[in-house]
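**Student:** With UniProt numbering applied, the sequence shown corresponds to residues 1 to 226, in that order. Note that the Cβ used here is the ideal one computed from N, Cα and C, for glycine as well. One structure follows; several queries about it will come next.
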Amino acid sequence: MAKLFRAAIMGPPGSGKGTISKRIAQSFGLQYLSSGHFLRESITANTEAGVLVRSYVERSLLVPDHVMTRLMLPRLEHLIGHSWLLDGFPRTLAQAQALNNLCQLDLVISLNVPFETLKDRLSDRWVHPASGRVYNMGFNPPKVKGKDDITGEPLIHHDDDKPEALMSRLRHYKDVAKPVINLYKSQGILHSFSGTETDRIWPYINSLLSTKMHTQPADAVQTQTP
Ligand SMILES: Nc1nc2c(ncn2[C@@H]2O[C@H](COP(=O)(O)OP(=O)(O)O)[C@@H](O)[C@H]2O)c(=O)[nH]1
Ligand SMILES: Nc1ncnc2c1ncn2[C@@H]1O[C@H](COP(=O)(O)OP(=O)(O)O)[C@@H](O)[C@H]1O
């Protein structure tokens with residue numbers, strides 16, 4: 001890898017952040033950090049913080065900023081000298097400012113996917129909780145129905161992926177993401193991708209990263225898929 005590279009991926013629930021992050025991590029060797037995964041890990045550990053986190057996630061509410069920064073920033077501090085990709089963090093302006101105080105991102109990917117597509121995808125999203133591996137019965141089904149490909153353990157459907165929780169999550173996302181997106185736009189590092197299929201968006205992201213990871217970040221511009 002030519003230089004250290006720090007990126008984040010943003011988008012509403014179900015927009016394909018996890019799916020695309022996995023491809024980025026595999027293709028470009030970035031360390032992948034998912035806020036949702038760390039939150040679920042802390043819920044499973046049932047620590048004091050985990051109990052608090054559960055009370056928000058279960059109600060499809062954003063976890064408070066100070067809890068999120070305490071969860072995420074120390075992990076990034078440990079990754080000094082590594083290239084990484086953040087998924088799900090920062091989600092609010094306060095989180096973005098806290099991250100800015102630690103380091104400057106090189107690139108932010110923002111995914112725009114229509115609501116109907118999100119609803120369809122999430123109603124069919126199945127997850128292996130321990131690893132965070134994600135399946136969709138149409139797009140990337142598990143080899144054995146209801147079982148994780150690697151461990152054979154059962155897959156679950158998150159309560160907050162149900163349509164009744166989704167509307168409020170999306171509303172929250174839009175309100176809260178707007179100032180974050182504007183911040184990264186003003187820094188010249190935001191790249192937006194619109195579409196209904198990950199496989200059609202991916203080649204654009206792949207080619208953007210191939211270019212950016214081997215050049216200086218100063219030439220960042222807004223990118224739109226057709
Ligand atoms: N049908 C379909 N499903 C997709 C596509 N891309 C991702 N998915 C599925 O949609 C769901 C949401 O994707 P995920 O990467 O978890 O989104 P995130 O919430 O933004 O991290 C998962 O079940 C994926 O397997 C796509 O292009 N078509
Ligand atoms: N950066 C964050 N700030 C506040 N809450 C968060 C953050 N990241 C995740 N969460 C909480 O965890 C839940 C699941 O997050 P995640 O797995 O990223 O799912 P999705 O992208 O599908 O919303 C969110 O609905 C929210 O309650």
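1) What distance in whole Å lies between the Cβ atoms of I189 and D65, which are believed to be in contact at a cut-off of 8 Å?
2) With DSSP as the reference, please indicate the residues paired to S15 in a beta bridge.
3) Return the chain-ordered list of same chain residues with a C-beta closer than 6 Å to the C-beta of P13, the five sequence neighbours on each side being excluded.
4) Report the residue from S15, V127, H82 whose alpha carbon sits nearest the alpha carbon of L118.
5) On the criterion of 16 or more Cβ atoms from any shown chain inside 10 Å, does A45 qualify as buried, or is it exposed?
6) Just to confirm the assignment, what range does the alpha helix (DSSP H) spanning D87 have?
7) Quick check on L99: buried or exposed, where buried means 16 or more other Cβ atoms within 10 Å of its Cβ?
8) At a cut-off of 6 Å, would you count G132 as near ligand 1, judging by its Cβ distance to the nearest heavy atom?
9) Which partner residues does P163 have in the DSSP bridge list?
10) Beta carbon of S21: closer than 6 Å to some heavy atom of ligand 2?
11) Report the residue from V53, Q31, G50, V176 whose alpha carbon sits nearest the alpha carbon of L86.
**Tutor:** According to the data block:
1) Position 65 of the sequence shown, counted from the first residue, corresponds to residue 65. Position 189 of the sequence shown, counted from the first residue, corresponds to residue 189. That pair is no contact at about 21 Å.
2) Translated into the one-based positions of the sequence shown, residue 15 becomes position 15. S15 pairs with nothing; no bridge assigned.
3) The count along the sequence shown starts at 1 and reaches residue 13 at position 13. Excluding residues within five positions, the ones whose Cβ falls inside 6 Å are R169.
4) Along the sequence shown, one-based indexing puts residue 118 at 118. It is S15 whose Cα lies nearest to the Cα of L118.
5) Translated into the one-based positions of the sequence shown, residue 45 becomes position 45. Counting of Cβ neighbours within 10 angstroms places A45 among the exposed residues, the total staying below 16.
6) The residue labelled residue 87 in the question sits at position 87 within the sequence shown. DSSP places D87 in no alpha helix (DSSP H) but in the uninterrupted beta strand (DSSP E) bounded by 84-87.
7) Here residue 99 refers to the residue found at position 99 of the sequence shown. Burial call: buried.
8) The count along the sequence shown starts at 1 and reaches residue 132 at position 132. Incorrect: G132 has no Cβ contact closer than 6 Å to ligand 1.
9) Taking the sequence shown and counting its residues from 1, one reaches residue 163 at position 163. In the DSSP output, where bridge partners are listed per residue, P163 has none listed.
10) Along the sequence shown, one-based indexing puts residue 21 at 21. Checking every heavy atom of ligand 2 against the Cβ of S21, none is found closer than 6 Å.
11) Numbered from its first residue, the sequence shown carries residue 86 at position 86. Ranking the options by Cα distance to L86, first place goes to Q31.
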